[in-house]
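Worksheet: the structure to be examined is printed underneath.
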Amino acid sequence: MKLVSVQKNLVYALAKCIEGFMSCLKFWLKEQIIIEKSL
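Each residue of the sequence shown is one higher than the one before, counting from 2 in my numbering.
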């Protein structure tokens with residue numbers, strides 16, 4: 002039973018990590034586009 006909750010927590014943490022990474026990536030891409038336009 003304990004192992005299942007650990008796996009769930011791990012999956013949740015990983016999902017949050019990916020979510021944060023994706024929003025970081027989107028922000029970075031926006032910045033890149035702005036920089037390219039200003040050049």
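Just so you know, even glycine gets a beta-carbon here, dropped at the ideal spot from N, CA and C.
Values in this document were obtained by computation on a predicted structure and should not be read as measured data.
- Judged by DSSP secondary structure, L11 falls within the alpha helix (DSSP H) whose first and last residues are 3-39.
- Rounded to whole angstroms, I36 and W29 show a C-alpha spacing of 10 angstroms.
- Note on geometry: alpha-carbon atoms of L40 and K27 lie some 20 angstroms from one another.
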